[in-house]
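Single-structure report; data block below.
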Amino acid sequence: MSGSDSIVIAGAAQAGGRAAQAMRGAGFEGRILLIGEETWLPYERPPLSKALIVEGGGHETVHLHDPDYY
């Protein structure tokens, strides 16, 4: 694939985020578009529920990567 190719990933939660990470890890340099219903970055759900219940944190503390990664 060339740098001008695009990949669309249906689902922007943890699995979609990990799929994008795997594409980058495999050397894909094109555009990756994550499509999902959620308005925030991909995150890990189990740590989010623990953070909210135990530590009072929010979803921003469990993002898979910073916004610049995507």
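Position one of the sequence shown corresponds to residue 356 (the numbering used here), numbered consecutively onward.
Glycine included, each C-beta is placed from N, C-alpha and C at the ideal position.
Output the boundary residues of the alpha helix (DSSP H) element that contains residue i.
{"i": "residue 375", "result": "369-380"}
For residue i versus residue j, is the C-beta spacing smaller than 8 Å?
{"i": "residue 364", "j": "residue 375", "result": "yes"}
{"i": "residue 386", "j": "residue 361", "result": "yes"}
{"i": "residue 419", "j": "residue 366", "result": "no"}
So the beta strand (DSSP E) residue i belongs to, where does it begin and stop?
{"i": "residue 388", "result": "386-390"}
What is the DSSP secondary structure of residue i, counted as helix, strand or coil?
{"i": "residue 424", "result": "helix"}
{"i": "residue 361", "result": "strand"}
Please work out which residues of its chain come closer than 7 Å, Cβ to Cβ, to residue i, disregarding the five sequence neighbours upstream and downstream, and give them in chain order.
{"i": "residue 368", "result": "391, 393 and 397"}
{"i": "residue 422", "result": "396"}
Got a sec? Which residues, its chain only, sit under 8 Å from residue i by beta carbon, not counting five neighbours each side?
{"i": "residue 388", "result": "361, 362, 363 and 364"}
{"i": "residue 377", "result": "none"}
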